[in-house]
Every structure is written in structure tokens, then in C-alpha cells.
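Residue numbers (this note's numbering), protein chains in the order written: chain A, 978 to 1419; chain B, 978 to 1419.
Every residue, glycine too, gets a C-beta built ideally from N, C-alpha and C.
Values in this document were obtained by computation on a predicted structure and should not be read as measured data.
Heads up, the thing below is written out as C-alpha cells.
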């Protein structure tokens, strides 16, 4: 993409309404704009990051055996009355009357609707285990929406629902999702710690929050550093593997400030292994048995010919919250550097020349070469000053830059990874370097 | 995907509520389920088709130079009051009050919001032309939702908005979208005819509907067969090309029943070129000048230093309606055959053997080989009878089948394109045939 053709409205100043650094950066780098209280439009740069995150979440869900479908945003109130949650949810639920005066609502979550779909379409134990997920916009009418997309009203979630014939099978599905969450966050280059959690309005008796560690963030977290050393690479989704992983994590102490107990922390964790930092919740998983299958009367024919309620779990990732959470984890107040798995563009080409001069020609040439090699570069072909260009790219956060000054030799380009020293490379070397960087995981 | 692990609830009978063949087929083949009046869940098979259509629409928008962003589903009523459409829209607009008693609505279209975004972020003629699009769920509170996803309440649209400094430039953007629509529908293997249209509630003075030709369908269409011969392959988006294409289409008669005039049709079209068939609207494009930029006070600094209202157009494709429209065009009441560009799976493997026999082993072997070669096959590994399997695959509509009977030689497989005769191929030949089929466009 050529910047002159793109839609990337950069702000020079920090907007006064933005109190945390992710909100500031997302506004300044033209990722989002608020359209009304707690409701945001995703401008092209933010949209690309959001879609890239969605893709990674989707890939790992599929690997874990979950199947994607899509439920609507608007639901009938009837199933919520049946489950008993219509009144429980209070004012956070956006309630709507249609032209026929029927009660609708904008789904804040989908346990009821997926249970209804399951009930209408699955009859036999032979179809289980079944893990279904969707990625859809949801709405919670927060009384005080704030911090940009971190606590907004319309937000994008991945939510997964598991159906099993027995508690034991359901716990296996739970463990699969547990591992898939760890893998998803690792691909996003985040340190995510699963912490035992209360189940809240979803219900149930087994639950973990996934908290990513950040310098700034909504809650304080206390944990044993051994948690950071657990290796999940190359671990597949067998029952044995997933059980081992959850056991490993359960061995070491971790808690958010809500559950933190100093005596316990000091007793269980050696001084040198104690880590006290901040964190942001980006995922939450629940096992809740037959809470919904019972109230909504979903029944499955068991091997023994009995009609029983399936055992369920639900598993959420806050996709639209993740760009902000990643910024809180990665932005060092000097420059943002997106993880290469989700960067909006793979490489920035910063043309310091003027229309038609050698630097300009070289910039266009390397741009074309990268396009032909299936890379996704952003070429700054605007007439802004060099210092302004560098400042903008520190906000945009593309992790690699090709800088093309006016005083370089013919086949010489400055190549820079953000935060590291520049090196001088030829065109071919740049192509090879980028291939190493971006194809290494495939 | 193995069918035994998938979620594909096939119905044996036509559901009584479905009056048209696309609605019947989508329910029977487990593509969709209604969750409440005019609101549908997309089950995994339907979801894959929907996503594939979305991908093709997106690719062609990008080629035409449009840039993707994402606006929210819920909008503030304020901008609609400013444009004057809040009252115009009547009961089709889903109006909502939030907990602070503010007026919100579920967007039925986005002219107001995109104009607001433009106004807040673009100042100079240098940033024009600018073509922005998004793909998002919309809501129209239809009084009588019917025909499944063809006329439902919550629906997925691609809508594009163009901003230009002059009417002439705006017409150029319009022509680009005109060509991109033709190319999009061609990739979907549809015959789409652009027809001059009334502008309705969007306003403006230039508008085309894109009608695809079907045997069954919502409206009658009358056209000159010469329209079917216009070749758009290999035509790029230059001003010259796009002008020529729109001129070619404008030369020949076409009309839906609303505008049809028999005398005119007979006078303008030779008897042997007259075509009278049915059609379904799948796209609609508008040029409407400064209707919204004026009412919402969006201003651009022109080259001459004047503040002027940009000239706008909007361009919609009904993405969630397209699977149904494609079924109306392609389903011959015996079997459905998805265009290969959007088929939910690339090839069906129909195992007629039993657990552990030679046919079963061969089925698993070819399944693995196809996966390794990056194809997306659906293996029917269930214990249903052969006749029931064939009936199901006639509904599912995967265009190619590998049929593995119990009496075949070791490296022999029946390979069949739906509606054509079977051929006997070896494993290698199947892989090569599928490569020819699916990589030929790349």
C-alpha cells in the first residue's frame, strides 16, 4: 500500500479523552475513532490488526478441533427468560423492542442460543464431543465505558461452547481449550497466565482467567516466576498432553489482586521467584455442567439409551480488546512494535527523497519487488519531513523498516528492526531477510 | 474435515416454512437455522460459503482501490437526525434506547457514519479520491421477513463509499465500482446484469441495480441477449476501461418488471435477442453528490483553497443474500453444485466401505494425501447407507466427488464432477486433476 492512497489519519497530539497509553496510541496512529459513547469504528490500520488477531485465534481453535459457525447479534428474549438470565443481567443488557413489540436483545454472550441450536439439531451421543465457536460482535451497556476498546460497549468476542456426554469428557474439552488459549497468546507474543477464577454470572464450578502480563494494566498480579518457564511448544491436543499442561500450571501460585493473599504468596513462593506486576484479562474459560442444557431442556440420547443433559463449557477471548492489551504490553512510550504475527503491514518503506529523485525511484523499486514477492509493505510516499515520517512510524509500529535516504549508493538500503541498530543491505538481501522473518513459522 | 467430527445437521424432508428452493436447500443441507423471526444462525457449512463469498467480494474491492475499515452495528441517532433520515426511515429502522436513555439504532446503512468519519479525519483534496468500504451486519425490521436469508432482518452487507472533489471524479469512482461489481459476480459464476434503477431512500441521480439471472427469482427481467456477450476479463481499472464498459452496457435494453415497457422492448431489441427470465437483486450502486456531505457539513479544502462538500457515492452488495441467490441460479432440484470459487469444501470423499475394510482404508489414505496437498476435502466416514450418502451430497453441493466402493482395484478411484460422468483415476491423477481445477485461476 502507498501511504498517499491510504486512509491513515495520524494525530500529532495526545487526545485529552484518552487516559491510558493503548487508547492514546490507537487514536494517534489512526487505528480507531469513537462514533458514540463506548462504540468505535476501526479505521484501516486498526482493522488490519483486528483481522490478523482474529485469524490467529481462528487457526488455533480449528487446530484444537473446534468448528466455526456464526450466531446473530440480535437474539430473542424468550430463551433468556427460559434460562432465567433475562432478569439477572440487569442494565448491562441492551434490550430492544421490534415493530411487533417483541422483546429482543443485543447478545452480551451466547450460552442460551448455542444451547438452543444444539437442542434442535443434535440427538445422539455419537455426535459428541462437539466444540462450536463463533466470532461475533457483542454489546454490554457499560455504565462508564472507558479506556477505548478496552472497556467499550460494542466489542468483538470469540466464544466457544463445548458439549459432552459426561463430566469427564467435558473436563477434557476444557483442557483442550486451556491449551489452545496458551498457544493462541503465545502466537501473539504475549505472556498469558491462566489463573483460577470465580465463575460469576456464567455459573459453574471450574474456571480460569487468562491474564497477560503488562507494565501498565487494569489489575495487579502476583505469581511464581516458574509459570513463565512452562514450555507449550510442539505439544499436541492429546488427552495426556492437555492434562499434563493444566497440572503444570496448577502447581504454581498466581492471583490477581482480588484473590491475592500475602501470607499465602510468601509461604508458597520463594522470595526470588515472586513476581508482582500488572495484567489484563484477555480470556476466560468456564465449565458449568448442565446449567443451560437443563434449563433449556437440551437432551442427548446416551449409549445406554437414556436421555441426558449434555455437559457444557464456554470459552471466551476478547478479540477487540486484544489490540489494546498488546499495546499495553509492547508500547514502550517511544515506539510501538507489533508482533510480526499481527502487524498491520510487514515492512515500512520510508522514502526520504523527493518526487522523481534517486531515493524516490529506489523506494518504488523495492516496493514493487516486495509486492511481487508477496509481502505486504507500506510505502511512505508522502511529502512530509523525514523527522515527521519517523515519528509517525514509531506510532504505526510496523516492526521492520527500509529507510531510503538521498545519499545512499545504488543497491544499498538501510534495514532496521525497531529498537535495534540499522544494517546496510542490498535488495536481494532485504528480500531474503524478510523471507526468513515471515516464513520461519510456516 | 471428517463428517463424523463435523456439525452438519441434514434434514430428510423439506421444512414446511420454506417456500422457495434456496430456503429449502439451506435448511435441508444444514447451512442455516432461524433463531427468531427473520434472524438466522449460520451453521458451519453455510458459514464457510458466506466467508468464501466475503473473500471474493473483498479481493475485488481491494483491486479496485477501495480500502477496508469497519464501522459498528450500533449508531447514535444524532447523525441520522442531522441528515434528516431519522424520521424518513420509518419502522424498518430498529430503534433502541440505552441505559442513559440515549437514542441509538441498529444501522440499516452507513452513509451518515462514514460521512462523519470522513469529516473528522480528512481535510485536503490531496487525500481524494478516497473509496472506503466495510463488511458488517445490518438490520432492517421487515414487517414480513420471508424466504430465509433472502429477505431477513439481520443481514450482512458489503458497503462502499466514495469521496471525490468533483462530480466528474465521483463518476469515475462510480464506474470503477461498476466494473468491480461485474468482476465480483463473474468470479461467483453468476450472470449479473446492471440495470438503471431508481435511487429510492438513498437519493441521488445515477444508480444501477445488479440483477443476477435465475430460473426462479423475485422479479421478472427483460433484456437484450447482447448483454450476456460483453467480455470483462482482463480489463483493468483505468478510466478509459471503466468508461468503455459502462457505455457498452448502456447500449442494450434491460429492465425489471417495474420499469419494463413492452413497446419499448420490441422496438429496441430484435425478437431473436429478446430474453425474458427471472432475476434477483444482489447489488445496488448510487451516485448522490453532496446529499450527505452537505447535511452533515463535511468540507474539503480544494486545490484553489476553497472549502467544498465532497461528492459521494455508495455501493452495496448483499453478502448474506448471495448464498440464497446462487442457489436459485444453480440448484436444478436434483442436485446443488456450488461454484468452485465458494464451495464449502473442495472435494467430497464418499466412503462406501465399512470400518476397517479396504474402501475405508483407501478413503482415509486419499483424505490424508489431499490434506497434505493443501486441499480442503470432506470425508464421509459415517455409517449411513450409500444411497443416503449420495442424497446428502446432492444437497451439500460440493462440485467434485471421489467415490470409493468396495469392489474397486487398489489404486482406482471414481472421480466425478456433479452432473457429469464418472471417470476412474489413480491417486496421483486425482491430485493433479484437483490442482488443475483449483489452481487454474491463480
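In the DSSP output, which residue or residues are listed as bridge partners for residue i?
| i | result |
| --- | --- |
| residue 1010 (chain B) | B:1018 |
| residue 1252 (chain A) | A:1200 |
| residue 1278 (chain A) | A:1101, A:1284 |
| residue 1291 (chain B) | B:1138, B:1263 |
| residue 1185 (chain B) | B:1173, B:1262 |
| residue 1323 (chain A) | Bridge partners of residue 1323 (chain A): none, in fact. |
| residue 1231 (chain A) | A:1200 |
| residue 1328 (chain B) | B:1381 |
| residue 1052 (chain B) | B:1082 |
| residue 1114 (chain B) | B:1133 |
State buried or exposed for residue i, treating a residue as buried only when at least 16 other CB atoms are found within 10 Å of its CB.
| i | result |
| --- | --- |
| residue 1400 (chain A) | exposed |
| residue 1342 (chain B) | exposed |
| residue 998 (chain A) | buried |
| residue 1345 (chain B) | exposed |
| residue 1015 (chain A) | buried |
| residue 1297 (chain B) | buried |
| residue 1079 (chain A) | exposed |
| residue 1033 (chain A) | buried |
| residue 1362 (chain B) | exposed |
| residue 1061 (chain A) | exposed |
| residue 1330 (chain B) | buried |
| residue 1160 (chain A) | buried |
| residue 1332 (chain A) | exposed |
| residue 992 (chain A) | exposed |
Report yes if the CB atom of residue i is closer than 9 Å to the CB atom of residue j, and no otherwise.
| i | j | result |
| --- | --- | --- |
| residue 1138 (chain B) | residue 1110 (chain B) | yes |
| residue 1136 (chain A) | residue 1086 (chain A) | yes |
| residue 1280 (chain B) | residue 1108 (chain B) | no |
| residue 1380 (chain A) | residue 1391 (chain A) | yes |
| residue 1100 (chain B) | residue 1278 (chain B) | yes |
| residue 1312 (chain B) | residue 1395 (chain B) | yes |
| residue 1302 (chain A) | residue 1295 (chain A) | yes |
| residue 1256 (chain A) | residue 1213 (chain A) | no |
| residue 1052 (chain A) | residue 1045 (chain A) | no |
| residue 983 (chain A) | residue 1355 (chain A) | yes |
| residue 1350 (chain A) | residue 1393 (chain A) | no |
| residue 1115 (chain B) | residue 1090 (chain B) | no |
| residue 1204 (chain A) | residue 1226 (chain A) | yes |
| residue 1149 (chain B) | residue 1221 (chain B) | no |
| residue 1196 (chain A) | residue 1055 (chain B) | no |
| residue 1001 (chain A) | residue 1048 (chain A) | no |
| residue 1348 (chain A) | residue 1387 (chain A) | no |
| residue 1163 (chain A) | residue 1317 (chain A) | no |
| residue 1156 (chain A) | residue 1200 (chain A) | no |
Quick one: residues in its chain with C-beta nearer than 6 Å to the C-beta of residue i, no 5 flanking neighbours on either side, listed in chain order?
| i | result |
| --- | --- |
| residue 1151 (chain B) | 1264, 1290 |
| residue 1158 (chain B) | 1187, 1260 |
| residue 1243 (chain B) | none |
| residue 1043 (chain B) | 1108, 1110, 1137 |
| residue 976 (chain A) | Outside the modelled stretch of chain A, which goes from 978 to 1419, sits residue 976 (chain A), for which no answer is possible. |
| residue 987 (chain A) | 1007, 1369 |
| residue 1026 (chain A) | 1300, 1319, 1321 |
Once you ignore the five residues that flank residue i on each side, which residues in its own chain have a CB closer than 8 Å to its CB?
| i | result |
| --- | --- |
| residue 1357 (chain B) | 980, 1325, 1326, 1327, 1328, 1366, 1369, 1370 |
| residue 1419 (chain A) | Any reading at residue 1419 (chain A) is ruled out, since the residue's pLDDT is 48, under 50, leaving its predicted position unreliable. |
| residue 1238 (chain A) | 1232 |
| residue 1009 (chain B) | 1003, 1017, 1018, 1019, 1020, 1023, 1125, 1126 |
| residue 1284 (chain B) | 1276, 1277, 1278 |
| residue 1146 (chain B) | 1105, 1106, 1288 |
| residue 1174 (chain A) | 1184, 1185, 1186, 1261 |
| residue 1073 (chain B) | 1051, 1080, 1081, 1082, 1083 |
| residue 1315 (chain B) | 1026, 1303, 1307, 1321, 1374, 1375, 1376 |
Note down, in chain order, each residue of its chain lying with its Cβ closer than 7 Å to the Cβ of residue i, except the 5 sequence neighbours on either side.
| i | result |
| --- | --- |
| residue 1059 (chain A) | 1272, 1273 |
| residue 1245 (chain A) | 1230 |
Report the neighbours of residue i on chain E: residues whose CB is nearer than 9 Å to its CB, in chain order.
| i | result |
| --- | --- |
| residue 1019 (chain B) | You won't find chain E in this structure, because its protein chains are A and B. |
I'd like to know if the stretch 1203 to 1221 of chain A and the stretch 1313 to 1322 of chain A are in contact, where contact means that at least 3 CB-CB pairs between them fall below 8 Å. Result no; under three Cβ-Cβ pairs closer than 8 Å.
If you pair each beta-carbon of the stretch 1280 to 1292 of chain B with each one of the stretch 1263 to 1272 of chain B, do three or more pairs fall below 8 Å? yes
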